[in-house]
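Peer 1: I have a structure I would like to understand better, so I am pasting it below and will then ask my questions one at a time.
Protein chains in written order, with this note's numbering: chain A, 1 to 191; chain B, 1001 to 1191.
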């Protein structure tokens, strides 16, 4: 049984032992090296992943070729390009493992089956989606309203442990500045 | 019975006649004049609204006092500040009616009751949330990746009928430019 996954779902819904076994059987563990892609821009996202261990970043490539890091997910979080997953359209962003990662994946069809087979399956889907949705609107608000320093502070609040695990240039990209500007922000905040 | 609302929900789930009546009874119709606020920044969002008729915008006020329009909802769509609604925190954005509007509202407690009382209530919640979530990540991708002209084209694609109903300065704010720049973009595209 994928215990970390089942523990995670247990925070949202009640499951019988049989349901736990059934859910666990639908997730397949996949190993990724640092630098491997869970999903590449242009592919159709056909799986939702639960990160058992590791760290991923979401990458958008601008028309001038510049890479932007727009988000992160770490162990015990889900990862997916949900727009592509739901409407089977090509993804506009990649998901890259930036640490060696073990990701438990469930296919689109099996996730739909989970919603109906598990008594509180739909509730799990709703609560998991609500959580992701709130993260997205919080990030939207931050992009519209905050300056880079405030966004860096929000990054520290949202991902308190990641500042140690990420290269500076991923963080500066996420905050929306060049690396030297992030260094200045950090120096200013350290005072 | 609120027929538009029930028709809308019927696209997502099956309901018995009794369930339709029950759901309908939980929504209260509220009238708003042009310029009225459905929700003001700093308030706690305690209702989800279904816009029976009218049009709203989401407004963020920057620290320098500048107002930014970040999104729109029109008739037959839902409106809510979901982050505030879920965790009962003060909203960071306002929702303002920019046409006379009739909004059917359901309270937090009644929506939770809907999830459990209606057989496919949780499924409705999941599908409605998925829809909103995809809109949010699409907008995030647009903000990170697109230039103002591309964002304007995406605005036209997402809200094809709103270009006639909105003042120019709301659209330019949404696209992220000053009104004169939007005029130049429109002239360029008209060629």
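Glycine included, C-beta positions come from ideal geometry on N, C-alpha and C.
As the structure is a computational prediction, the values presented were derived from the model and not from experiment.
Is there a C-beta anywhere in chain B that falls below 8 Å from the one on residue 129 of chain A?
Peer 2: Taking the first chain and counting its residues from 1, one reaches residue 129 of chain A at position 129. It does: the Cβ of residue 129 of chain A has a partner Cβ on chain B nearer than 8 Å.
Peer 1: Let's see if you can read the secondary structure: which residues bound the beta strand (DSSP E) around residue 1056 of chain B?
Peer 2: The sequence position of residue 1056 of chain B within the second chain is 56, counting from 1. Note, residue 1056 of chain B: beta strand (DSSP E), 1055 to 1061.
Peer 1: Identify whether residue 1093 of chain B lies in helix, strand or coil by the three-state DSSP scheme.
Peer 2: Here the question's residue 1093 of chain B lines up with position 93 in the second chain. Coil, per DSSP.
Peer 1: On a Cα-Cα basis, can you pick out the residue from B:1061, B:1025 and B:1017 that is closest to residue 1105 of chain B?
Peer 2: The sequence position of residue 1105 of chain B within the second chain is 105, counting from 1. Checking every option, the nearest Cα to that of residue 1105 of chain B belongs to B:1025.
Peer 1: Look up residue 1076 of chain B in the DSSP assignment and say whether it is helix, strand or coil.
Peer 2: Translated into the one-based positions of the second chain, residue 1076 of chain B becomes position 76. Three-state result, residue 1076 of chain B: coil.
Peer 1: Could you say which of A:129, A:76, A:136 and A:116 lies nearest to residue 3 of chain A if we only look at CA atoms?
Peer 2: Against the first chain, residue 3 of chain A aligns to sequence position 3. The option with the nearest alpha carbon to residue 3 of chain A is A:76.
Peer 1: Can you find the residues in the same chain that come closer than 8 Å, C-beta to C-beta, to residue 1059 of chain B, ignoring five residues on each side of it along the sequence?
Peer 2: One-based indexing of the second chain puts residue 1059 of chain B at position 59. Only 1041, 1067, 1068, 1069, 1070, 1093, 1094, 1095 and 1096 meet the Cβ criterion.
Peer 1: Could you give the distance in angstroms between the alpha-carbon of residue 1087 of chain B and the alpha-carbon of residue 74 of chain A?
Peer 2: As a working mapping, residue 1087 of chain B is identified with position 87 in the second chain. As a working mapping, residue 74 of chain A is identified with position 74 in the first chain. So the two alpha carbons sit approximately 23 Å from each other.
Peer 1: Could you pull out every residue in the same chain whose Cβ sits closer than 6 Å to the Cβ of residue 32 of chain A, ignoring the five residues on either side in sequence?
Peer 2: For the purposes of this step, residue 32 of chain A is taken as residue 32 along the first chain, with counting starting at 1. Excluding sequence neighbours, residue 32 of chain A sits near 97 and 101.
Peer 1: Taking a contact to mean a Cβ-Cβ separation below 8 Å, would you say residue 91 of chain A touches residue 168 of chain A in this structure?
Peer 2: Locating residue 91 of chain A in the first chain gives position 91, where the first residue counts as 1. Locating residue 168 of chain A in the first chain gives position 168, where the first residue counts as 1. No, the Cβ-Cβ distance between residue 91 of chain A and residue 168 of chain A is not below 8 Å.
Peer 1: For a quick check, are the C-beta atoms of residue 1154 of chain B and residue 1146 of chain B less than 8 Å apart?
Peer 2: Start at 1 with the first residue of the second chain, and residue 1154 of chain B comes out as number 154. Start at 1 with the first residue of the second chain, and residue 1146 of chain B comes out as number 146. Contact flag set, yes.
Peer 1: Could you check whether the Cβ of residue 138 of chain A sits closer than 8 Å to any Cβ belonging to chain B?
Peer 2: The sequence position of residue 138 of chain A within the first chain is 138, counting from 1. Yes, residue 138 of chain A lies at the interface with chain B (some Cβ there is under 8 Å from its Cβ).
Peer 1: Of all the beta strand (DSSP E) runs that stay within the bounds of the stretch 1015 to 1069 of chain B, which reach a length of 3 or more residues?
Peer 2: Within the stretch 1015 to 1069 of chain B, the complete beta strand (DSSP E) runs of at least 3 residues are 1028 to 1032, 1037 to 1039, 1047 to 1053 and 1055 to 1061.
Peer 1: State the beta-bridge partners of residue 216 of chain A as determined by DSSP.
Peer 2: In this structure chain A extends from 1 to 191, so residue 216 of chain A is not present and cannot be described.
Peer 1: For the stretch 1141 to 1153 of chain B, list every residue whose C-beta sits within 7 Å of some C-beta in chain A, in sequence order.
Peer 2: So the list reads 1141, 1143, 1144 and 1145, given in the order they occur along the chain.
Peer 1: Which same chain residues, not among the five before or five after residue 1005 of chain B, have their C-beta less than 8 Å away from its C-beta?
Peer 2: Position 5 of the second chain, counting from 1, holds the residue named residue 1005 of chain B. The answer, listed in chain order, is 1023, 1024, 1027, 1050, 1052 and 1104.
Peer 1: Using a Cβ-Cβ distance under 8 Å, would residue 118 of chain A count as near chain B?
Peer 2: Position 118 of the first chain, counted from the start, is the residue given in the question as residue 118 of chain A. Judged by the 8 Å Cβ criterion, residue 118 of chain A is not in contact with chain B.
Peer 1: Could you tell me whether the Cβ atoms of residue 1186 of chain B and residue 129 of chain A are closer together than 8 Å?
Peer 2: To locate residue 1186 of chain B, count along the second chain from 1; it is residue 186. To locate residue 129 of chain A, count along the first chain from 1; it is residue 129. Against a cut-off of 8 Å, the Cβ pair of residue 129 of chain A and residue 1186 of chain B comes out as no contact.
Peer 1: Mind listing, in chain order, the continuous alpha helix (DSSP H) runs of no fewer than 4 residues lying wholly within the stretch 150 to 182 of chain A?
Peer 2: Runs of the alpha helix (DSSP H) inside the stretch 150 to 182 of chain A: 168 to 175.
Peer 1: Would residue 133 of chain A pass as a contact of residue 1132 of chain B if the rule is Cβ separation under 8 Å?
Peer 2: For the purposes of this step, residue 133 of chain A is taken as the residue at position 133 of the first chain. For the purposes of this step, residue 1132 of chain B is taken as the residue at position 132 of the second chain. Yes, Cβ-Cβ distance for residue 133 of chain A and residue 1132 of chain B is below 8 Å.
Peer 1: Is the Cβ of residue 86 of chain A closer than 8 Å to any Cβ of chain B?
Peer 2: The residue given as residue 86 of chain A occupies position 86 in the first chain. Yes, its Cβ sits closer than 8 Å to a Cβ of chain B.
Peer 1: Based on the DSSP output, what are the partners of residue 1071 of chain B in its beta bridges?
Peer 2: Mapped onto the second chain, residue 1071 of chain B falls at position 71. Per DSSP, B:1058.
Peer 1: Counting only the same chain and skipping the five closest in sequence on each side, list residues whose C-beta sits under 8 Å from that of residue 1189 of chain B.
Peer 2: What you label residue 1189 of chain B is simply residue 189 of the second chain in a count that begins at 1. Within the same chain, residue 1189 of chain B has close Cβ partners 1149, 1152 and 1153.
Peer 1: For residue 1081 of chain B, which residues of its own chain have a beta-carbon under 7 Å away from its beta-carbon, when the five flanking residues on both sides are left out?
Peer 2: Here residue 1081 of chain B corresponds to residue number 81 of the second chain, with the count starting at 1. Cβ neighbours of residue 1081 of chain B beyond the five flanking positions: 1039, 1045, 1091, 1093 and 1095.
Peer 1: List, in order along the chain, the chain B residues whose C-beta lies closer than 7 Å to that of residue 93 of chain A?
Peer 2: Taking the first chain and counting its residues from 1, the one referred to as residue 93 of chain A is at position 93. Correct list: 1141.
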